[in-house]
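Participant:
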Amino acid sequence: MLLLVSNPRRNCSLIEFGNALKKSGLYVLGHVHVDNLEEHDKDPTLNEIPHWLKLIDFLKVKAFVEVTIARSLRLGVDQLVRISGIGAMKPNTVLLGFKDDTFPRDDFKNLSSPYATSEFDNIFPLSDEKETLDTKEYVGIIVDIIKQTKNICLCRHFQKLNTSDMFSPKKESIFGTTAKAKTYLDVWLINFLSKEPTKTDITDSTSLLILQLACIVNMVNRWKRLKIRVFIAVDAKENSLQKTSRVSRPLGNVANRSHDKDFILGRPKNFYIDEDPSNREWSDIKDHLGICKETVRKRSEQTAVTFLYMPEVPKDEEKIY
């Protein structure tokens, strides 16, 4: 498992989750220092590695560190994916943060954060400006990783995952409402950008991977209390026996670890795309994705982590992403 970290100040929860995801396997934290080595008398990354080792001790995770220097983030990531590991042990899965417009929160400075500390005041500076990573470069990084036959997971909103109280019982808020403890690990075996989501192959490599990852997390002591829920899109004509069979029979032991199997029934309005999404206007795709997002959100009130099926990356780099 290789987790690419731009700045640990906003990735502490993700680093901790990656430690659960790798279980007893290889776990590497990778970082790219974007710079030109020719302009320095000494490799600047040599001074950074001790800080990363200190971070690992602080978070109490078992991981190795790989820091490289490159003239672009894309080239640096390519280096890390190729060289990370120990001998013949190489990570086969790469975790990458999701590119969005969310303003970064400082986990070390936020007093409500379980990672609040003054130990890193003078290191890992957090810029006040939003990251300027180009969308095309970001997608290019994903394409490069896939070309190296690695699994890839895009991780989003992990700053909202508070593991310190995730397993606590229900709490009364100051407004008299009850805050529910997180109960589920959700697995959505649905390609939301497919023309026919009900025909998503729940035995393909993507479906099996996200099911496997959910099961691995669920085997870690701290996460065993959570239940795994499996969501699939089905035709309303299928009876309950057929629906259960679609998950249990082909997926065997992986799906049988799931304590719950949930199903989206019927055909919500505008749930399907009538044609190849790449041929539609961006506004139409955004409307469709909004419906998909709401479908997931309504079922996620008690969900700790959601595993979603990622569609294929467009081959044309000039497309709008």
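Anchor point for the sequence shown: position 24 equals 12 in the working numbering, and the numbering is continuous, going up by one each time. Think of the CB as a built atom: it goes at the ideal place given N, C-alpha and C, for glycine as much as any other residue.
Roughly how many whole angstroms lie between the Cα atoms of H39 and L197?
Facilitator: Here residue 39 refers to the residue found at position 51 of the sequence shown. Here residue 197 refers to the residue found at position 209 of the sequence shown. Using only the alpha carbons, I get a separation of about 33 Å.
Participant: In the DSSP output, what is C141 paired with across the bridge?
Facilitator: If you number the sequence shown from 1, residue 141 lands on position 153. In DSSP, C141 forms a bridge with L83.
Participant: Below 7 Å CB to CB, which residues in the same chain sit around T171 once its five sequence neighbours on both sides are set aside?
Facilitator: Sequence index remark: in the sequence shown, residue 171 carries index 183 (1-based). Correct list, in chain order: L214, K215 and Q290.
Participant: Return helix, strand or coil for I44, following the three-state DSSP convention.
Facilitator: Within the sequence shown, the letter at position 56 stands for residue 44. In the structure shown, I44 sits in a helix (DSSP, three-state: H, G or I).
Participant: Alpha carbon to alpha carbon, how far is L63 from Q200? Give it in angstroms, no decimals.
Facilitator: Position 212 of the sequence shown holds residue 200. Position 75 of the sequence shown holds residue 63. Taking the straight line from one Cα to the other gives about 30 Å.
Participant: I'd like to know if T81 contacts chain D, where contact means its C-beta is closer than 8 Å to some C-beta of that chain.
Facilitator: Of the protein chains in this structure there is only one, and it is not chain D.
Participant: Buried or exposed: L253, going by 16 or more other Cβ atoms within 10 Å of its Cβ?
Facilitator: For this step, residue 253 is matched to residue 265 along the sequence shown. Residue confidence for L253 is low, a pLDDT of 39 falling below 50, so the modelled location carries little weight; the figure read from the coordinates is stated next. Label assigned to L253: exposed.
Participant: Starting from R70, follow the alpha helix (DSSP H) in both directions and report where the run begins and ends.
Facilitator: Numbered from its first residue, the sequence shown carries residue 70 at position 82. L61 to I71 is the span of the alpha helix (DSSP H), which, as asked, contains R70.
Participant: If you run the structure through DSSP and keep just helix, strand and coil, what is K118?
Facilitator: Within the sequence shown, the letter at position 130 stands for residue 118. Low confidence applies to K118: its pLDDT is 44, below 50, so where it sits in the model is not reliable, and the reading given next is rough at best. In this structure, K118 counts as coil in the three-state DSSP scheme.
Participant: Whose CA, out of K124, I111 and T90, lies closest to the CA of F146?
Facilitator: For the purposes of this step, residue 146 is identified with residue 158 of the sequence shown, where counting begins at 1. The shortest C-alpha separation from F146 is found at T90.
Participant: Counting pairs of Cβ atoms below 8 Å between the segment 25 to 43 and the segment 68 to 75, do you hit three or more?
Facilitator: Contact between the segment 25 to 43 and the segment 68 to 75 is absent, because fewer than three Cβ pairs lie under 8 Å.
Participant: DSSP puts H183 in a beta bridge; with which residues?
Facilitator: Numbered from 1 along the sequence shown, position 195 holds the residue referred to as residue 183. With the sequence shown as reference, residue 183 is identified as Lys, and His is not the correct amino acid for it. Answer is none; K183 lacks a bridge partner.
Participant: Can the beta-carbon of L69 be found less than 8 Å from the beta-carbon of K10?
Facilitator: Start at 1 with the first residue of the sequence shown, and residue 69 comes out as number 81. Start at 1 with the first residue of the sequence shown, and residue 10 comes out as number 22. A quick correction: the sequence has Val, not Leu, at residue 69. No, the Cβ-Cβ distance between V69 and K10 is not below 8 Å.
Participant: Identify whether F52 lies in helix, strand or coil by the three-state DSSP scheme.
Facilitator: Indexing the sequence shown from 1 puts residue 52 at position 64. Strand.
Participant: When the Cα of R144 is compared with those of T294, V301 and P302, which residue comes out closest?
Facilitator: Walking along the sequence shown from the start, residue 144 turns up at place 156. Out of T294, V301 and P302, T294 has the C-alpha closest to the C-alpha of R144.
Participant: DSSP three-state label for R285, please.
Facilitator: Counting from one through the sequence shown, the residue named residue 285 turns up at place 297. Here R285 sits in helix by DSSP.
Participant: Excluding sequence positions up to five away, which residues of its chain have a Cβ less than 7 Å from the Cβ of A202?
Facilitator: Here the question's residue 202 lines up with position 214 in the sequence shown. Closer than 7 Å at Cβ, skipping near neighbours: L173, V175, I216 and F295.
Participant: So, helix, strand or coil for L199, using DSSP?
Facilitator: The count along the sequence shown starts at 1 and reaches residue 199 at position 211. The answer is helix: DSSP assigns L199 an H, G or I state.
Participant: Would you mind reading off the limits of the beta strand (DSSP E) that contains L9?
Facilitator: The count along the sequence shown starts at 1 and reaches residue 9 at position 21. Element bounds for L9: not the beta strand (DSSP E) but the alpha helix (DSSP H), C0 to K10.
Participant: Applying the criterion that 16 or more other CB atoms from any shown protein chain within 10 Å of the CB defines a buried residue, is L34 buried or exposed?
Facilitator: Locating residue 34 in the sequence shown gives position 46, counting from the first residue. Flag for L34 reads exposed.
Participant: Out of curiosity, what's the CA-to-CA distance linking V16 and S1?
Facilitator: Position 28 of the sequence shown holds residue 16. Position 13 of the sequence shown holds residue 1. Going from the Cα of V16 to the Cα of S1 covers about 15 Å.
Participant: Apart from the five residues just before and just after E54, which ones in its own chain have a Cβ nearer than 6 Å to its Cβ?
Facilitator: The residue labelled residue 54 in the question sits at position 66 within the sequence shown. Same-chain partners within the cutoff: V16, G18, L68 and S72.
Participant: Do P299 and N179 come within 8 Å of each other at the CB atom, strictly closer than that value?
Facilitator: Numbered from its first residue, the sequence shown carries residue 179 at position 191. Numbered from its first residue, the sequence shown carries residue 299 at position 311. Yes, Cβ-Cβ distance for N179 and P299 is below 8 Å.
Participant: From which residue to which residue does the beta strand (DSSP E) around G128 run?
Facilitator: For the purposes of this step, residue 128 is identified with residue 140 of the sequence shown, where counting begins at 1. Here G128 belongs to no beta strand (DSSP E); instead the alpha helix (DSSP H) covers T123 to K135.
Participant: Taking V284 as the reference, which of N150, K212, T188 and L177 has the closest Cα?
Facilitator: The residue you call residue 284 lines up with position 296 of the sequence shown. V284 has its Cα closest to that of L177, out of N150, K212, T188 and L177.
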